[in-house]
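Asks: If you read the sequences in order, they're chains A and B. Each step along the first sequence adds one to the number in our numbering, with nothing skipped, and position 192 is 179. Each step along the second sequence adds one to the number in our numbering, with nothing skipped, and position 368 is 355. Even glycine gets a Cβ: it sits at the ideal position worked out from N, Cα and C.
Number of protein chains: 2
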Amino acid sequence: MPGTTFNMRAEIITIGDEILIGQIVDTNSAWMAQKLNLAGIKVKQISSVSDDRQHILEALNESKGRADLILITGGLGPTKDDITKKTLAEYFNTGFRLDQDALENVRRIFSKYKAPLLESNIKQAEVLENCITLLNLNGTAPGMWIEHEDRIFVSMPGVPFEMMYMMEELVIPKIKKTFKLPVIVHHTILTAGIGESILAEKIASVEDSLPAHIKLAYLPKLGTVRIRLSGNGQNEELLKNEISVYVKRITDLVSEFVMAEKDTPIEKVVMDYMESRKLTLSVAESCTGGYISHQLTQHPGSSKVFLGAAVTYSNELKISMLGVLEETLRNYGAVSEETVKEMAKGAHSAFHSDYSIAVSGIAGPDGGTEEKPVGTIWIAITGRSKTISRKYNFGNKRIQNIERSATTALIMLYKLMNQEQVC
Amino acid sequence: MPGTTFNMRAEIITIGDEILIGQIVDTNSAWMAQKLNLAGIKVKQISSVSDDRQHILEALNESKGRADLILITGGLGPTKDDITKKTLAEYFNTGFRLDQDALENVRRIFSKYKAPLLESNIKQAEVLENCITLLNLNGTAPGMWIEHEDRIFVSMPGVPFEMMYMMEELVIPKIKKTFKLPVIVHHTILTAGIGESILAEKIASVEDSLPAHIKLAYLPKLGTVRIRLSGNGQNEELLKNEISVYVKRITDLVSEFVMAEKDTPIEKVVMDYMESRKLTLSVAESCTGGYISHQLTQHPGSSKVFLGAAVTYSNELKISMLGVLEETLRNYGAVSEETVKEMAKGAHSAFHSDYSIAVSGIAGPDGGTEEKPVGTIWIAITGRSKTISRKYNFGNKRIQNIERSATTALIMLYKLMNQEQVC
């Protein structure tokens, strides 16, 4: 029927013992799920299975029962633990052919790195007889597109940037060309400073009034809660308009807690705000050890706002780089209101930025005292007119303390900027 | 039978649309898999399913066919999109009871944060009638341990630190008390500077001689390849000894590429080496923007080695913080051998460290020129006797360029230290 869209369901199968023994975190699947969603394809399940013939065969069979598109990553390397290709051949009851383009690609890569071409590398250019080859310009293992019993199976390498290229340049475009897909729209609101259950109570009237094709979810994380509206439809513009009405109703109800009306990391909210007002930022980091700077600079274009940071782990550097007084450190210690304020002011004047963040605390697991237990964090922000500071007691997990400190400092900065810019 | 161990198989089921639409990366499963493995439990599959009644029921059914222990995370929050608990009740055909200890815990948490207790929060203290309650000291949603048709089902919150506490303090100890589990031993060798396939060829004789209960795998990542030996057995000491023989044979064959004989992140290898020799480190970061410092300082005890860093995004800060000459920047630009060497020397003398790393490059996606395209990265290391430097051309992905620069700089540092310390 012309005009009818195909509600394609996908399953992602990741193959590799390293995921099942917890040696690596599967970041590929989240990335793939995002791209599929944007294309209007619903991911029904993500399954991680081991480098085991029987188990791979079972997973393929199960996925066939619930998905139209099965995306398989991993197990295509040149070494003996990589068994995906031969297991797929068994599953489809097919053989191999040497793909000349894939072989050419392998040769090109090895000559670029001036590495000797091994038998195992040449074998990587072998693909399933029943497949359409997906050329891998970033690596030696080609991908494969197989149509089988009304399903599409795609096998891709597990190396993230090889898979990403293949998905973006080959797989998604090919699917879009072949099928008319529905529209999936997500709209996320970022809130800070309010708990999940109180938030839910405040917007209960909106949640209760949602139609069946729009769902609402809450995603709490380190002092923030994201509210996500997800809609399914045929017409993108209509659906977006419909969702935007609910977004407006929600943000009206909890406006004082809304940091962004889109799914943006908090550091990006802060930088976008600053960029549009031509404000600059510097950071003085002690216990966060470069994490805040990294959060900011992972984003393209951050140099328009972020000038730099002093990561001062030692007291000597707090003095020499930030101008903290020796006396202050001696009298109050490195983790104190006095020190963190001098750090913020020091960065502000040394780096000539409009705003400065400073964090000093005890991230743990060691270094705590009775008076200042692990998790004691002082944060200061120097702005146009003043320096504000606040103490937090987070907990005893190092990484969590670092991440929470960063999020909290950025929220404090955002609030101060709003105060100071209002007029 | 006394003495016989139980080869327990686990499945991890994560529930939540946020994973299937790619809004969050599932880090819980890798963490859980690690802990299970250490306890001698093999993870058979990780399945991520949506907040959908029918789909959760199917996943429970399927997992029952392949696992003895089914660990379920997510969907226990106070909001309407959290449906795990009622779906489990349906699956087990059971009702709810209000758990007094869990209720007390909810009250305690709300009074601590001085937040009003809502009806939805009280409902969180309701658990399945057929369960053993797992108290959640870090949050309001209790966990549940259910024994059903010779399987153990455990339901836990999806918030990482709540789940982690429950796994470490309650679930793993309870399993260990109940079952005699086999021993699983992993031993990983970290190599740098050699490709996966050449490595495999060099150690082929060892790989071919492995007994059936020991498996070998290769994990390539950004300039490093990890070789992992995994063994299964009854006696931990015997198994460890057996594996260590193969580790020795492998490291003998490729000794010049071995950075560590255990599964350690590269920055930890460097810091351990420096700590044992009482060496200190400082960092001058431009395009890596704090990432190297964060990599180092995420580890407890890093303050023994790491003094601090200057994150100098702007040219002005390269001059004022690191003493780079204005002339050098004018004549050669920020991304040049001359500048990166002055950055390394500047950090070395300003921070009084034994070694210094400096990185300056074009991380992208913008800022490239014909002469210096995106991915052009200069790295310099100042050591005891000299400053070394090298140019790399990585690629056009920002995050990947940042990560690769960090790994490469740490490998360069490690090699220089080895050179300078040999005598």
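Answer yes or no: do B:G277 and B:V298 have a C-beta to C-beta separation smaller than 7 Å?
Replies: Counted from its first residue, the second sequence places residue 277 of chain B at position 290. Counted from its first residue, the second sequence places residue 298 of chain B at position 311. Closer than 7 Å, so yes.
Asks: Can you confirm whether B:I8, when its beta carbon is compared against all beta carbons of chain A, has any partner nearer than 7 Å?
Replies: Your numbering for residue 8 of chain B matches position 21 in the second sequence. B:I8 counts as touching chain A.
Asks: How long is the line joining the alpha carbons of B:E155 and A:L90, rounded to whole angstroms?
Replies: Counting from 1 along the second sequence, the entry for residue 155 of chain B is found at position 168. Counting from 1 along the first sequence, the entry for residue 90 of chain A is found at position 103. If I take the Cα positions, the gap works out to 49 Å.
Asks: Taking a Cβ distance cut-off of 8 Å, strictly less, list which residues of the region 384 to 398 of chain A are near chain B, in chain order.
Replies: From the region 384 to 398 of chain A, only K384, R385, I386, Q387 and I389 have a Cβ closer than 8 Å to chain B.
Asks: Should B:N15 go down as buried or exposed, given a rule of 16 or more other Cβ atoms within 10 Å for buried?
Replies: For the purposes of this step, residue 15 of chain B is taken as the residue at position 28 of the second sequence. B:N15 is buried by the Cβ-count criterion.
Asks: Assuming the contact rule is C-beta atoms closer than 8 Å, B:V141 and B:I59 should be a hit. Round their C-beta distance to whole Å, please.
Replies: Taking the second sequence and counting its residues from 1, the one referred to as residue 141 of chain B is at position 154. Taking the second sequence and counting its residues from 1, the one referred to as residue 59 of chain B is at position 72. Indeed, because the Cβ distance is near 7 Å, the residues count as touching under 8 Å.
Asks: Is the distance from the Cβ of B:N123 to the Cβ of B:E149 below 7 Å?
Replies: Along the second sequence, read from residue 1 onward, the residue named residue 123 of chain B stands at position 136. Along the second sequence, read from residue 1 onward, the residue named residue 149 of chain B stands at position 162. Yes, the Cβ-Cβ distance between B:N123 and B:E149 is below 7 Å.
Asks: State the DSSP-derived secondary structure class of B:I11, mapped to helix, strand or coil.
Replies: The residue you call residue 11 of chain B lines up with position 24 of the second sequence. DSSP places B:I11 in coil when its eight states are reduced to three.
Asks: With a threshold of 16 other CB atoms inside 10 Å of the CB of A:Q111, please say whether the residue is buried or exposed.
Replies: Locating residue 111 of chain A in the first sequence gives position 124, counting from the first residue. Classification for A:Q111: buried.
Asks: Just how far apart, CA to CA, sit B:I33 and A:V36?
Replies: Residue mapping note: residue 33 of chain B aligns to position 46 of the second sequence, counting from 1. Residue mapping note: residue 36 of chain A aligns to position 49 of the first sequence, counting from 1. The alpha-carbon atoms of B:I33 and A:V36 are separated by roughly 7 Å.
Asks: Beta carbon of A:Y401, beta carbon of A:G370: below 7 Å?
Replies: Position 414 of the first sequence, counted from the first residue, corresponds to residue 401 of chain A. Position 383 of the first sequence, counted from the first residue, corresponds to residue 370 of chain A. Contact flag unset, no.
Asks: Going along the region 280 to 293 of chain A in order, which residues come within less than 9 Å of chain B, judged by CB to CB distance?
Replies: Answer in chain order: S280, H281, Q282, L283, T284, Q285, H286, P287, G288, S289, S290 and F293.
Asks: What is the residue span of the beta strand (DSSP E) that B:G218 lies within?
Replies: Along the second sequence, one-based indexing puts residue 218 of chain B at 231. That run of the beta strand (DSSP E) goes T211 to G220.
Asks: Along the region 121 to 155 of chain A, where does the CB come closer than 9 Å to a CB of chain B? Name the residues.
Replies: Within the region 121 to 155 of chain A, the residues whose Cβ lies closer than 9 Å to some Cβ of chain B are N125, T127, V146, P147, F148 and M151, listed in chain order.
Asks: Pick from A:M19, A:L47 and A:G64: whose alpha carbon is nearest that of B:L206?
Replies: Within the second sequence, residue 206 of chain B is the residue found at index 219, counting from 1. When only C-alpha atoms are compared, the closest one is A:G64.
Asks: Whose CA, out of B:T(-8), B:R213, B:H281 and B:K164, lies closest to the CA of B:A187?
Replies: By 1-based counting over the second sequence, the position of residue 187 of chain B is 200. Per the Cα distances, B:R213.
Asks: Which one of B:Y78, B:D137, B:K99 and B:M19 has the shortest CA to CA distance from B:A54?
Replies: Locating residue 54 of chain B in the second sequence gives position 67, where the first residue counts as 1. The shortest C-alpha separation from B:A54 is found at B:D137.
Asks: Of all Cβ atoms in chain A, is any one closer than 7 Å to the Cβ of B:V36?
Replies: Start at 1 with the first residue of the second sequence, and residue 36 of chain B comes out as number 49. B:V36 counts as touching chain A.
Asks: Following the continuous beta strand (DSSP E) through B:K305, name the residue where it begins and the one where it ends.
Replies: As a working mapping, residue 305 of chain B is identified with position 318 in the second sequence. Per DSSP, B:K305 belongs to no beta strand (DSSP E); it is in the alpha helix (DSSP H), N302 to L309.
Asks: With respect to the alpha helix (DSSP H) encompassing A:G182, which residues constitute its N-terminal and C-terminal limits?
Replies: For this step, residue 182 of chain A is matched to residue 195 along the first sequence. Run containing A:G182: none; DSSP gives neither H nor E here.
Asks: Closer than 8 Å by beta-carbon distance: list the chain B residues that pair up with A:I185, in chain order.
Replies: Stepping through the first sequence from its first residue, residue 185 of chain A is reached at position 198. Simply A102, P103 and L105.
Asks: Counting only Cβ pairs nearer than 8 Å, list the residues of chain B close to A:D68.
Replies: Here the question's residue 68 of chain A lines up with position 81 in the first sequence. The contacting residues are K202, L203, A204 and Y205.
Asks: My understanding is that A:L309 touches A:A337, with C-beta atoms under 8 Å, so please give their C-beta distance in whole angstroms.
Replies: In the first sequence, the residue the question calls residue 309 of chain A occupies position 322. In the first sequence, the residue the question calls residue 337 of chain A occupies position 350. With 8 Å as the limit, A:L309 and A:A337 qualify as a contact, their Cβ atoms being about 7 Å apart.
Asks: Alpha carbon to alpha carbon, how far is B:L304 from B:E314? Give it in angstroms, no decimals.
Replies: Residue mapping note: residue 314 of chain B aligns to position 327 of the second sequence, counting from 1. Residue mapping note: residue 304 of chain B aligns to position 317 of the second sequence, counting from 1. When rounded, the distance between both Cα atoms is 14 Å.
Asks: Return the CA-CA distance between B:S50 and B:I(-1), expressed in angstroms with no decimal places.
Replies: The count along the second sequence starts at 1 and reaches residue 50 of chain B at position 63. The count along the second sequence starts at 1 and reaches residue -1 of chain B at position 12. Going by the C-alpha atoms only, they are around 9 Å apart.
Asks: Within 10 Å of its beta-carbon, does A:P160 have 16 or more other beta-carbons around it, so buried, or fewer, so exposed?
Replies: Your numbering for residue 160 of chain A matches position 173 in the first sequence. The residue is exposed, with fewer than 16 neighbouring Cβ atoms inside 10 Å.
Asks: Can you give me the Cβ contacts of B:R(-4) inside the same chain, cut-off strictly under 6 Å, excluding the 5 residues immediately before and after it?
Replies: Taking the second sequence and counting its residues from 1, one reaches residue -4 of chain B at position 9. So the qualifying residues of the chain are K29, K31, A54 and D55.
Asks: Verify the CB distance criterion: does B:E30 have a CB-CB separation below 7 Å to chain A?
Replies: For this step, residue 30 of chain B is matched to residue 43 along the second sequence. The question names Glu, yet the displayed sequence has Val at residue 30 of chain B. Answer yes: the Cβ-Cβ gap between B:V30 and chain A drops below 7 Å somewhere.
Asks: Kindly give me the distance between the Cβ atoms of A:G52 and A:T1, rounded to whole angstroms, as I take these residues to be in contact under 8 Å.
Replies: Mapped onto the first sequence, residue 52 of chain A falls at position 65. Mapped onto the first sequence, residue 1 of chain A falls at position 14. Incorrect: roughly 18 Å between the Cβ atoms, too far for contact.
Asks: Could you tell me whether any non-hydrogen atom of the ligand PLP is closer than 6 Å to the CB of A:G182?
Replies: For the structure depicted, the ligand PLP is absent and the ligand set is empty, with no information on it obtainable.
Asks: Taking the alpha helix (DSSP H) that A:A321 belongs to, which residues open and close that run?
Replies: By 1-based counting over the first sequence, the position of residue 321 of chain A is 334. Run containing A:A321: none; DSSP gives neither H nor E here.
Asks: How big is the Cα-Cα spacing for B:P360 and A:M151?
Replies: Working through the second sequence from its first residue, we reach residue 360 of chain B at position 373. Working through the first sequence from its first residue, we reach residue 151 of chain A at position 164. Approximately 21 Å between the Cα atoms of the pair.
Asks: How about B:Q406: is its C-beta nearer than 7 Å to some C-beta of chain A?
Replies: Your numbering for residue 406 of chain B matches position 419 in the second sequence. Answer no: the Cβ-Cβ gap between B:Q406 and chain A never drops below 7 Å.
Asks: Tell me the residue span of the alpha helix (DSSP H) that contains A:Y278.
Replies: Within the first sequence, numbered from 1, the residue matching residue 278 of chain A stands at position 291. From DSSP, the alpha helix (DSSP H) with A:Y278 extends over Y278 to T284.
Asks: How far does the alpha helix (DSSP H) with A:Q32 in it reach, from first residue to last?
Replies: Sequence index remark: in the first sequence, residue 32 of chain A carries index 45 (1-based). Note, A:Q32: premise wrong, no alpha helix (DSSP H); beta strand (DSSP E) at K29 to V36.
Asks: Using the beta-carbon of each residue, which ones in chain A are nearer than 9 Å to B:H335?
Replies: Counting from one through the second sequence, the residue named residue 335 of chain B turns up at place 348. Simply none; closest approach about 13 Å.
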